[in-house]
Every structure is written in structure tokens, then in C-alpha cells.
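Residue numbers (the numbering used here): 10 to 181.
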Amino acid sequence: KDLAFLHQIAIGPLVFVLVFHSITTPRCSLWEMYLPLTAAAYCGAAMSYVICLIASRSVAQELAVVLVFGSAMFAGGIMRLPQLLDKVPPLCYVHYISFMRYVLEAFYVAEANQWADDISLMGTNYTEFLADVYDYSSDTYTMNVIVGFGWGIFFRVMAFFIMHLANKNEKL
């Protein structure tokens, strides 16, 4: 079933990036915007697989939506990562297990890296600004995209093991 859904994982972010790029005219390339969004779609689909396997059919769709949006809530976009660290435990640690955190950081860093030279003309060190305000590093784009896809692989492996445990008597 995952192979039948891969075209949606590839085309959905492309459509979004084309519209977003034409409306906002960012400086980063389409490719730099496409990869993090594809990682988000890849992870969201895999998380949905896991939820469909462990939750009843009546609540699986709602639970998947809540968990994906919950992951986005602790990604550092609404409240920046330094602000999230001020929250009470366990809320201050949720952003470490939020796949959207890495996707969002890659998305921000891709655009921020294009502005670093212009911002430095005004006397601001943009690398320090990213680190102080957002707790982002300007050289983490590739690592964050890889971690984003890694979360998708993790959820797929988890779904495989759940299916295997649920059907122990059947052959793989």
C-alpha cells in the first residue's frame, strides 16, 4: 500500500512548493523547499500507518490528524525552541521527538542562508541571530532533511513490526 501512495508523497509537496514559491518569492531554490516538505509528507503518512494499526477505525483518522498537528505545535514555529525549553517537563522535551521540528528547521534554514550576506551588511551576524532566537544552526539543512526522512523510515519499521506482531500466525 505504501508504494501506491508514494506518488502522492512526491506530488503533493511539489504542488504546495510551486504555489508557495510563486506567492512568496523566496530566495531559496524550489529543491531546497521541496525536500523538507516531502520529508513531512513521508513522515505524516508513516505516522498514519502506525495509528491505523493501533487505534480503532472510528478514531484513527482523528488521532492521526491530532498527532501530526500536535507535532507541528511543538516544532518551534508557534513557540520558538528556546521558549519551549522554558515549559514544564515533559512539554519542554516534546520538540526532540517531533518530526515536524526537523522539517521546519530545514525549511527555515534554507531560506535564512540566502539572507545571511544581506543581513550582515546591516551589522547583524545572522548565524548568531538564528542560534540565539530560534536555536537553529545555519549548517543543519542537510542533517535536518535526513532526520525528517529518518523519522518516516522509523514509523514504517514500527508499522511493519506492529503488523508482524498482530499476525504472528501468518507468513510474511
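Idealized CB from N, CA, C, for every residue including glycine.
Bear in mind the structure is a predicted one, so any value in this text is a computation, not a measurement.
{"Asked": "Continuous alpha helix (DSSP H) stretch holding residue 136: start and end", "Found": "135 to 138"}
{"Asked": "Of the listed residues 174, 115, 130, nearest to residue 152 (C-alpha basis)", "Found": "115"}
{"Asked": "Three-pair Cβ contact test at 8 Å for the stretch 98 to 112 versus the stretch 76 to 84", "Found": "yes"}
{"Asked": "CB contact flag (residue 166, residue 147, <9 Å)", "Found": "no"}
{"Asked": "The alpha helix (DSSP H) enclosing residue 83, as first and last residue numbers", "Found": "First-last for residue 83: undefined, no H or E at that position."}
{"Asked": "Close-in-space but distant-in-sequence residues of the same chain around residue 14 (CB under 8 Å, 5 per side omitted)", "Found": "54"}
{"Asked": "Limits of the unbroken alpha helix (DSSP H) element including residue 127", "Found": "108 to 130"}
{"Asked": "C-beta contact flag for residue 61 and residue 164 at 9 Å", "Found": "no"}
{"Asked": "Selection from 25, 65, 134 that minimises the alpha carbon distance to residue 49", "Found": "25"}
{"Asked": "7 Å Cβ shell around residue 149 - same chain, five flanking residues per side excluded", "Found": "114, 118"}
{"Asked": "Buried or exposed by the 16-neighbour rule on C-beta atoms within 10 Å, applied to residue 124", "Found": "exposed"}
{"Asked": "Buried or exposed (CB count within 10 angstroms, at least 16 for buried), residue 58", "Found": "buried"}
{"Asked": "With 16 other Cβ atoms within 10 Å as the buried cut-off, status of residue 16", "Found": "exposed"}
{"Asked": "Proximity winner among 155, 170, 161, relative to residue 41 (alpha-carbon distances)", "Found": "155"}
{"Asked": "Residue environment, residue 47, which counts as buried when at least 16 other CB atoms sit within 10 Å", "Found": "buried"}
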